[in-house]
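Trainee: Take this structure first; my questions come after.
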Amino acid sequence: MSQAKDQWQSRLGVILAVAGSAVGLGNFLRFPGNAAANGGGGFMIPYFCALIFLGIPICWAEWTMGKYGGQFGFNSCPAIFGVIGRRPIFRYLGVLGLIIPIVIYMYYVLIESWCMGYAFSFAAGWIDLGDNPAQYATQSVDYFNSFVGANQDGLMLDGRIHESVVVWLIVFAVNFYLIYRGLSKGIESFCKWAMPMMALFAFIVLGRVLTLGTPDPAQPDLSVLNGLGFMWNPKPVDGEGSWIAALANPTVWRNAAGQIFFSLSVGFGVIVNYASYLKRKDDVVLSGLTASSTNEFFEVCLGGLITIPAAFVFLGAVGASKTGTFSLGFHTLPIVFQYMDGGRFFGCIWFLMLFLAAITSSLSMLQPAIAFLEEALAIGRKASVTLLGLVTGLGSLFVIYFSKDLKVLLFLDDTVGTIMIVVLALVQVILFSWVFGVDRGIRFAHQGAEMHLPRFFKFVIKYVSPVYLLVMIGWSCVTDSGKYYKLIREDNQILLATGLVLVVTVFLLILINLGGRRWKAETRDPRTDKSFGGLGAEPARKEARR
Amino acid sequence: MRTGGWIFMLLSISFVLCLTAFTFYRVLRRPASTEHMHAPLDIDTRDQDT
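Respectively, the protein sequence lines represent chains U and X.
Residues 23 to 568, numbered by our numbering, are exactly what the first sequence covers, in order.
Residues 362 to 411, numbered by our numbering, are exactly what the second sequence covers, in order.
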């Protein structure tokens, strides 16, 4: 009886560990803002299409390719792509699997520090929205803008001590201390019990949001029911045309795919890296699906029901749809807590939980680059952590400096955090389906798998996902490339942000070139190396010939 | 909230809940899931001593 209970508890522990890694800021902060800005309910059509035809299948492909590359002793995206693709071009395309987590980390750690800062502010009672409910929204937006320095560039680095910069320094240092000392697993264990608590608090906040009714009787239209309608009623983007016409907007499809990839950490280079440390008999199919489903639960069932209805009630339709993706939760939730008994306590716990959800994601973003620096430069973990700390620290300071309207942060999120992720997903799905071979890939995925891939997904991975991504990227290029070109030409901050991404990319390409020669020499022969999953001579030879 | 909104909301939430329940059920009923399933940060990167 006791043994059965222990087994059940350890299986529950697996679910909580997977959930702890999967849930992040994308669920509670990025998704609501994205849905509100891209057609509300109509957004859910491209969103679920992206989940079924892109997110889940490419997640499985990534886990499988990572596990395969790990059998050769490689852990970084460029080296693994090189082993699978067997051409230098794939090694260089692997730079996407490094630049994405590195650049996203630069702004993600900043948002993570805002969560910690808000938790401190709630605990200390610094977030005071006054006594006039009509002014709550203005006060909340003003507090956020002054906290992050959104009113002017350089405000946060003007030589004075700012709370948000101090918290950023602490959070940045904590991230690197944990990764430097190899303590990420401790955080994971902590999150095993923190995640159920987060779900509990999310349900409490959800309950309060859904019972807000019409907080301002002078504006009866701004009710929770209309807020839910704002989220779920299919509607046109920017109020023009019908909601079906909005489905012809490639930006909506691209943003939906980007959201799925961002929150599932697919197309990041993170899964490929972590999967490379797995043994041949470890599961990748059920693990990937469990992480995806838990993530969707937090995103759709909690994130989507809390932030957007509350944003609509307090900020109105314009405020809810025009606020930047990450800002919406910071603008809105303090007002919800103002309406709650014990709001200060709940506000503190809520943002602390968001911080915990964020730190598991930010720690996992660092590992791909650490593994790459170790492999490319043949240096130890501590040296590579130090080098990465320098690069991401400078990048993060760049984002902090150019804080006006969070323009640089939102630009990086739109380009690296959305477009580049979609491009890496395309590279990965082509590599898996057409270079590695979809049959061979699925056979390898099934080794040690706790469930088999539904047959339907073979067709999806081979044909539907690549065509979906190719059409979407091509369509977006036609409609959006002019917009980005104009933006880069006319805005100096955006030009500098583009320069930052290019400089880091060139630096990584040089390292890939250096590392490539070593990897070629060090590629282990699967016919003789026992660590190649103990295949035995003949199957290994077949594997190597393929 | 229009009828279309209710339909989108209920279908979306139902789909996600069914998917989540299916995966949890699979994990809980598989005896070897604790040995073979790993969360990213749970995985030993084996480079701590280098």
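Virtual Cβ for every residue (Gly too), placed ideally from N, Cα, C.
Does S375 of chain X get closer than 8 angstroms to chain U when you measure Cβ to Cβ?
Mentor: The count along the second sequence starts at 1 and reaches residue 375 of chain X at position 14. At a cut-off of 8 angstroms between C-beta atoms, S375 of chain X does not count as an interface residue with respect to chain U.
Trainee: Smallest Cα separation from S287 of chain U: which of U:I443, U:W190, U:I192 and U:P239?
Mentor: Locating residue 287 of chain U in the first sequence gives position 265, where the first residue counts as 1. Checked all of U:I443, U:W190, U:I192 and U:P239; the closest Cα to S287 of chain U is U:I443.
Trainee: Confirm, please, whether the CB-CB distance from S418 of chain U to F194 of chain U is below 8 angstroms.
Mentor: Along the first sequence, read from residue 1 onward, the residue named residue 194 of chain U stands at position 172. Along the first sequence, read from residue 1 onward, the residue named residue 418 of chain U stands at position 396. Yes, these two residues count as a Cβ contact at 8 angstroms.
Trainee: Is it buried or exposed, P392 of chain X, if we count other Cβ atoms within 10 angstroms and call 16 or more buried?
Mentor: The count along the second sequence starts at 1 and reaches residue 392 of chain X at position 31. Exposed, because fewer than 16 other Cβ atoms sit within 10 Å of the Cβ of P392 of chain X.
Trainee: Spatial neighbours of E396 of chain U within its chain, please: C-beta separation below 6 angstroms, excluding the five flanking residues on both sides.
Mentor: Numbered from 1 along the first sequence, position 374 holds the residue referred to as residue 396 of chain U. Here the set comprises S406.
Trainee: For the alpha helix (DSSP H) that contains S349 of chain U, what are its first and last residues?
Mentor: The count along the first sequence starts at 1 and reaches residue 349 of chain U at position 327. First-last of the alpha helix (DSSP H) with S349 of chain U: S349 to Q360.
Trainee: Beta-carbon of S32 of chain U versus every beta-carbon of chain X: anything under 8 angstroms?
Mentor: Here residue 32 of chain U refers to the residue found at position 10 of the first sequence. Closer than 8 angstroms: yes.
Trainee: Assign A101 of chain U to one of two classes, buried (16 or more other C-beta atoms within 10 Å of its C-beta) or exposed (fewer than that).
Mentor: For the purposes of this step, residue 101 of chain U is taken as residue 79 along the first sequence, with counting starting at 1. Classification for A101 of chain U: buried.
Trainee: State the start and end residues of the unbroken alpha helix (DSSP H) segment that holds P123 of chain U.
Mentor: Counting from one through the first sequence, the residue named residue 123 of chain U turns up at place 101. Start and end: L118 to A146.
Trainee: G291 of chain U by DSSP, collapsed to three states: which one?
Mentor: In the first sequence, residue 291 of chain U corresponds to position 269, counting from 1. Reduced to three states, the DSSP call for G291 of chain U is coil.
Trainee: Could one say the Cβ of M473 of chain U lies closer than 8 angstroms to chain X's Cβ atoms, at least one of them?
Mentor: Walking along the first sequence from the start, residue 473 of chain U turns up at place 451. So, interface residue.
Trainee: Relative to the C-alpha of V322 of chain U, which residue among X:F369, X:F385, X:P401 and X:I404 is closest?
Mentor: Locating residue 322 of chain U in the first sequence gives position 300, where the first residue counts as 1. The residue with the shortest Cα to Cα distance from V322 of chain U is X:F369.
Trainee: Whole angstroms is fine: what's the gap from F95 of chain U's alpha carbon to L115 of chain U's?
Mentor: Taking the first residue of the first sequence as position 1, residue 95 of chain U is located at position 73. Taking the first residue of the first sequence as position 1, residue 115 of chain U is located at position 93. In the sequence as presented, Phe is not what sits at residue 95 of chain U; that position holds Gly. One C-alpha to the other measures close to 20 angstroms.
Trainee: For my contact list, C137 of chain U and F373 of chain U are in at a C-beta cut-off of 8 angstroms; report their separation, rounded to the angstrom.
Mentor: Working through the first sequence from its first residue, we reach residue 137 of chain U at position 115. Working through the first sequence from its first residue, we reach residue 373 of chain U at position 351. Confirmed, about 5 angstroms.
Trainee: Go ahead and pull the three-state DSSP assignment for P256 of chain U.
Mentor: Within the first sequence, the letter at position 234 stands for residue 256 of chain U. Looking at P256 of chain U - three-state DSSP - the assignment turns out to be strand.
Trainee: Just checking: is the beta-carbon of Y299 of chain U within a distance shorter than 8 angstroms of some beta-carbon in chain X?
Mentor: Locating residue 299 of chain U in the first sequence gives position 277, counting from the first residue. Answer yes: the Cβ-Cβ gap between Y299 of chain U and chain X drops below 8 angstroms somewhere.
Trainee: Compare the C-beta of K654 of chain U against all C-beta atoms of chain X and say whether one is closer than 8 angstroms.
Mentor: The structure shown does not extend to residue 654 of chain U, since chain U is modelled only from 23 to 568, so the question has no answer here.
Trainee: So, does the region 469–477 of chain U touch the region 103–122 of chain U, judging by three or more C-beta pairs under 8 angstroms?
Mentor: No, they do not touch.
Trainee: With H, G and I counted as helix, E and B as strand and the rest as coil, what does DSSP make of E565 of chain U?
Mentor: In the first sequence, counting from the first residue as 1, residue 565 of chain U sits at position 543. Residue placement at E565 of chain U is flagged as unreliable, the pLDDT there being 47, under the threshold of 50; the coordinate-derived value follows with that caveat. In the structure shown, E565 of chain U sits in a helix (DSSP, three-state: H, G or I).
Trainee: Near L73 of chain U, what residues of its chain come up, given a Cβ to Cβ distance below 6 angstroms and the 5 sequence neighbours on each side ignored?
Mentor: Here residue 73 of chain U corresponds to residue number 51 of the first sequence, with the count starting at 1. I282.
Trainee: Buried or exposed: R567 of chain U, going by 16 or more other Cβ atoms within 10 Å of its Cβ?
Mentor: Taking the first sequence and counting its residues from 1, one reaches residue 567 of chain U at position 545. Residue placement at R567 of chain U cannot be trusted, given a pLDDT of 39 that sits under 50; what the coordinates show is reported in the next sentence. When all chains shown are included, R567 of chain U counts as exposed.
Trainee: Going by Cα to Cα distance, which pick from U:R403, U:A380 and U:T382 is closest to A391 of chain U?
Mentor: As a first step, residue 391 of chain U is located in the first sequence; it is residue number 369 there, counting from the start. For the residues U:R403, U:A380 and U:T382, the minimum Cα distance to A391 of chain U belongs to U:R403.
Trainee: Applying the 10 Å Cβ sphere with the 16-neighbour rule, what's the burial state of E318 of chain U?
Mentor: Counted from its first residue, the first sequence places residue 318 of chain U at position 296. Burial call: buried.
Trainee: Whose Cβ in chain X lies nearer than 9 angstroms to the Cβ of M219 of chain U?
Mentor: As a working mapping, residue 219 of chain U is identified with position 197 in the first sequence. By Cβ distance, chain X contributes nothing, its closest Cβ being about 17 angstroms from M219 of chain U, past 9 angstroms.
Trainee: Using only the alpha-carbon positions, how far apart do L492 of chain U and M178 of chain U sit?
Mentor: Within the first sequence, residue 492 of chain U is the residue found at index 470, counting from 1. Within the first sequence, residue 178 of chain U is the residue found at index 156, counting from 1. Each residue's Cα considered, the two are about 41 angstroms apart.
Trainee: Counting contacts by CB-CB distance shorter than 8 angstroms, is D379 of chain U in contact with chain X?
Mentor: On the first sequence, residue 379 of chain U is found 357 positions in, with the first residue counted as 1. Asp is not the amino acid found at residue 379 of chain U; the sequence shown has Ala there. In terms of beta-carbon proximity, A379 of chain U stays away from the interface with chain X, with every pair separated by 8 angstroms or more.
Trainee: Just reading off the alpha helix (DSSP H) that K508 of chain U is part of, what are its end residues?
Mentor: Here residue 508 of chain U is taken as the residue at index 486 of the first sequence, counted from 1. S487 to E512 is the extent of the alpha helix (DSSP H) around K508 of chain U.
Trainee: Quick one: does F319 of chain U have its CB under 8 angstroms from some CB of chain X?
Mentor: For the purposes of this step, residue 319 of chain U is identified with residue 297 of the first sequence, where counting begins at 1. It does; some Cβ of chain X falls within 8 angstroms.
Trainee: When burial is assigned at 16 or more other CB atoms within 10 Å of the CB, is Q241 of chain U buried or exposed?
Mentor: Taking the first residue of the first sequence as position 1, residue 241 of chain U is located at position 219. So Q241 of chain U counts as exposed.
Trainee: Pull up the distance between the alpha-carbon of H399 of chain X and that of L380 of chain X, whole angstroms please.
Mentor: Walking along the second sequence from the start, residue 399 of chain X turns up at place 38. Walking along the second sequence from the start, residue 380 of chain X turns up at place 19. C-alpha of H399 of chain X to C-alpha of L380 of chain X: approximately 19 angstroms in a straight line.
Trainee: With distance defined between alpha-carbon atoms, name the residue in U:S309, U:Y507, U:I371 and U:V358 nearest to A467 of chain U.
Mentor: If you number the first sequence from 1, residue 467 of chain U lands on position 445. Cα-wise, what sits closest to A467 of chain U is U:S309.
Trainee: Pull up the distance between the alpha-carbon of L557 of chain U and that of V36 of chain U, whole angstroms please.
Mentor: Counted from its first residue, the first sequence places residue 557 of chain U at position 535. Counted from its first residue, the first sequence places residue 36 of chain U at position 14. For L557 of chain U, the predicted model reports a pLDDT of 40, less than 50, meaning its position is unreliable; a value from the coordinates is still stated below. For L557 of chain U and V36 of chain U, the distance between alpha carbons rounds to 28 angstroms.
Trainee: Considering only their Cβ atoms, is the gap separating I124 of chain U from T382 of chain U smaller than 8 angstroms?
Mentor: As a working note, residue 382 of chain U is residue 360 in the first sequence. As a working note, residue 124 of chain U is residue 102 in the first sequence. Result no, Cβ atoms of T382 of chain U and I124 of chain U do not sit closer than 8 angstroms.
Trainee: Can you tell me whether DSSP reads G62 of chain U as helix, strand or coil?
Mentor: Taking the first residue of the first sequence as 1, we reach residue 62 of chain U at position 40. G62 of chain U: strand per DSSP, three-state reduction.
Trainee: Among U:Q389, U:L191 and U:F334, which has the Cα closest to the Cα of N248 of chain U?
Mentor: For the purposes of this step, residue 248 of chain U is taken as the residue at position 226 of the first sequence. Checking every option, the nearest Cα to that of N248 of chain U belongs to U:F334.
Trainee: Rounded to a whole number of angstroms, what is the C-alpha to C-alpha distance between Y386 of chain X and P331 of chain U?
Mentor: The sequence position of residue 386 of chain X within the second sequence is 25, counting from 1. The sequence position of residue 331 of chain U within the first sequence is 309, counting from 1. Roughly 31 angstroms separates the two Cα atoms.
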